[in-house]
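Residue numbers (the UniProt record's numbering), protein chains in the order written: chain A, 1 to 121; chain B, 1 to 866. The beta-carbon is built from N, C-alpha and C at its ideal position, and this holds for glycine as well. Here is the structure we will look at.
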């Protein structure tokens, strides 16, 4: 069986936190711009909501692929400490999946202030 | 960063087939089991010993081996830590009683500034690098770091810069505006203090980045064959994450330092609100560095815990993937916290909310690793070895610091305690628990590896309990002192505010800490000549560094092992015996050269055998001249500083010319176990290419910091750009953009044509390229010069000129690299099939081409749109 390249890629492993980082920059930078230049908190909040939905969607997709790569159901050994290519593949999948969860929590946390704070002050 | 097999398809038709690895991979069990005749063992040992011999006498200073540099580095950092600790004690004496006049206010300011700066820049970060340089190759069964001379250069830069910065305190000339150098206090400061901080520490930051590059390449490319990424010691994961963090955290500070020094020496008003500047820009750039810095300090120390805990528990770590998640997740999220140092600066509440939320989110990955350690200890059979005691103390203290961290991450709470002793207590709990205790635990743990002797169990316990008790006596009351309202950084206080007894207790505690640390220092440094050597694996650990040779040998690993487990010493029972016999890879040095293996990034498939460089003076000379170039401008001595800069560049060129990308006598080499590897590769398989790639990522981050500055001013200031301001010339910025694109493409084409054998055309392109680069640099200067942008009048022209300064320096550096490739080609040191220099130069220009074009747009187009 030929695996896709991403099964042996560190870049794919960190895809979810990269989404978090882009989301964070977009939310912070966007709010700063909209508040400083237009003083339109409503617009900022809508933008944050949209960015968060997109980010969570992407993270969900990354996490789903990682879940498949981890292949949780098929194996009894879940320490991924063996020397075979499968161990490496599952390890990278497992780590990517965990990172997707943390990234999703991060995105949700960071978008929460926009739910409660309604002004640019 | 992907790889799958021994053989990759050649990237071009010209890539010779015999340059691919050939032979047996992975090795069979029969090959591994075949004994090595004892006469061959002895002869190859002799040859290896000769190749790796550490120079003696005065030439000892020219050593570059990781074990030597690592020792110097860590002892120097420890020395700076003790010095910074003495400053703290003197401050505590001053604060012991109200209205004290033991120290003058100015001296007190110098002391707290230097205490913070030295602990951060001269101890915490360098200590991580020092310990990693010392330990990492052994953990990876590698001979040395990939670029030993770079380590040496970094060390000498660190020593010169550290002595300069810390020494200033003896001449009453030290910086005195706090370790974060806030403008306007620091920009308006008279005297040389702020310049010493800026230039001295920039110099050290560059050394830190050099070490980070080396460590990342070490982890990615120097793992032993078979050690796939899922088998790497957790320490390696942490080094990888922290190295990456340094690359993205330090450069914004370097960009900030550049702006700051331009304001100090040329009066360009980046941080002066009267002329369109904004002091908050510095705070942003500083804390984009400063908060990840906290994790840059914390993660390596917790990495030590991740090595000690499985040994103490006598079993593999529980939740390896979870700890990797923790390291990587913390690494990312720690970049979203910086504004929590700026909660009181009046930013919009909603922005504060983002950073408060991220500050709470980072607790999740940070907590996960602590739980993984506890789980490991719970399911293992714990032997309470001395290092475990320090690690346990660390966890206790760090958890307390983490809890107050959760409190101050909430903006309303922070408004109450901002700039009070509550923060002092919080940060010392995190740093002692997250750094000092695990490091000392780690030194007790690794001491037998480093010196082949043991430290004293009894002194270690005394030191622990004295330090632990002293620490809590000193810092626990500070929470209350802070809640009672005592501000930080005051040199004295009136006696009727209820702070007296708390301060007195803290002062007593601080001296108890000092006593504890001194016990440790004595135990560390006391002569151990008559003590017997340690056994080889005193803690019965499972990782490769405990296959070390007792008594010591300079070769690192006797032979580079084939690894199939996370804990090879536990799971591969014959591995040490086979390493000793030279059964594995590179068991001999028939040419008498220092060599190490380079393997693929993810699966550690052998790719290359590289010659690593040996002892040299050029590193010391280059560091001395670099030091001159940074230190002399502090005192306004610009002429000699420029001479030093030129000599530093010349020394580095000489160093590269004589020792790197040497065309080998044989293109392939038998490395043992039936495997033949190339001795020269260029492009993404070569460690040098990775080093350029990683360096340029950091460099691009610094550039992004400057771009951030432009947009920051645009959002924060209504007068950016001011009405009717002169803009950079559109025609000249366009010319610059075109010329820079031209030089980039010329270099790129030169690489392809050169590889295909069209050497003459490639050389012609390499002549044209630096001419176009110089033309591009000249056009950029002209673009701001001719329309008469006056950088001293307003932050807008200053920012545009700063971008030009940054770009021109980089373009000239790129032009030197193009000229270097041309010279190498003309001298017959670079041939179509041996073209690493040209690959690396092209990679540099991929980054520089993009950033040059962005600069042209930023100064020529963007302000007109704004």
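CB contact check: residue i to chain A, cutoff 8 Å
i                      : result
residue 550 of chain B : no
residue 229 of chain B : yes
residue 566 of chain B : yes
residue 351 of chain B : yes
residue 796 of chain B : no
residue 837 of chain B : no
residue 877 of chain B : As shown, chain B starts at 1 and ends at 866. That puts residue 877 of chain B outside it, with no answer to give.
residue 855 of chain B : no
residue 716 of chain B : yes
Cβ-based burial, residue i [other Cβ within 10 Å; buried from 16]
i                      : result
residue 529 of chain B : exposed
residue 241 of chain B : buried
residue 666 of chain B : exposed
residue 532 of chain B : exposed
residue 25 of chain A  : exposed
residue 840 of chain B : buried
residue 673 of chain B : buried
residue 118 of chain A : exposed
residue 56 of chain B  : exposed
residue 73 of chain B  : buried
Among the options, the one whose alpha carbon lies nearest that of residue i
i                      : options                       : result
residue 615 of chain B : B:26, B:43, B:66 and B:41     : B:66
residue 523 of chain B : B:195, B:579, B:532 and B:456 : B:456
residue 544 of chain B : B:231, B:169, B:719 and B:855 : B:231
residue 743 of chain B : B:398, B:361 and B:853        : B:853
residue 249 of chain B : B:294, B:308, B:168 and B:224 : B:294
residue 430 of chain B : B:442, B:363, B:489 and B:387 : B:363
residue 803 of chain B : B:755, B:857 and B:91         : B:857
residue 221 of chain B : B:761, B:621, B:717 and B:684 : B:684
residue 300 of chain B : B:309, B:235, B:283 and B:348 : B:235
residue 22 of chain A  : A:52, A:43 and A:40           : A:52
residue 266 of chain B : B:791, B:370 and B:621        : B:791
residue 567 of chain B : B:400, B:311 and B:157        : B:311
residue 319 of chain B : B:813, B:355 and B:372        : B:372
residue 797 of chain B : B:519, B:726, B:668 and B:203 : B:726
residue 764 of chain B : B:818, B:305 and B:714        : B:818
residue 436 of chain B : B:408, B:461, B:398 and B:459 : B:398
residue 147 of chain B : B:830, B:688, B:741 and B:756 : B:688
Limits of the unbroken beta strand (DSSP E) element including residue i
i                      : result
residue 672 of chain B : 668–672
residue 598 of chain B : 595–599
residue 676 of chain B : 675–678
Interface flag, residue i vs chain B, CB-CB below 8 Å
i                      : result
residue 43 of chain A  : no
residue 57 of chain A  : no
residue 8 of chain A   : yes
residue 72 of chain A  : no
residue 37 of chain A  : yes
residue 113 of chain A : yes
residue 106 of chain A : yes
residue 143 of chain A : The requested residue 143 of chain A is not part of the displayed model; chain A covers only 1 to 121.
Extent of the continuous alpha helix (DSSP H) run through residue i
i                      : result
residue 611 of chain B : It is not in any alpha helix (DSSP H) - residue 611 of chain B instead sits in the beta strand (DSSP E) that spans 606–611.
residue 32 of chain B  : 29–33
residue 445 of chain B : 437–451
residue 580 of chain B : 575–581
residue 528 of chain B : Careful: residue 528 of chain B lies outside any alpha helix (DSSP H) and carries neither H nor E.
residue 155 of chain B : 148–167
residue 482 of chain B : 457–483
residue 92 of chain B  : 66–95
residue 414 of chain B : 411–417
residue 293 of chain B : 279–313
residue 101 of chain B : Looking at the DSSP string, residue 101 of chain B is not in any alpha helix (DSSP H), and its letter there is neither H nor E.
residue 112 of chain B : 105–117
residue 786 of chain B : Unbroken run through residue 786 of chain B: none, as it is neither H nor E.
residue 28 of chain A  : 15–33
residue 238 of chain B : 234–266
For the stretch 323–334 of chain B, enumerate the residues whose C-beta is nearer than 7 Å to any C-beta of chain A, in chain order. Residues of the stretch 323–334 of chain B with a C-beta atom less than 7 Å from some C-beta of chain A are 324, 325, 328, 329, 332 and 333, listed in chain order.
Where the stretch 351–368 of chain B meets chain A: residues whose CB sits under 9 Å from a CB there: Among the residues of the stretch 351–368 of chain B, those with a Cβ less than 9 Å away from any Cβ of chain A are 351, 352, 353, 354, 355, 356, 357, 358, 360, 361, 362, 364, 365 and 368, in the order of the chain.
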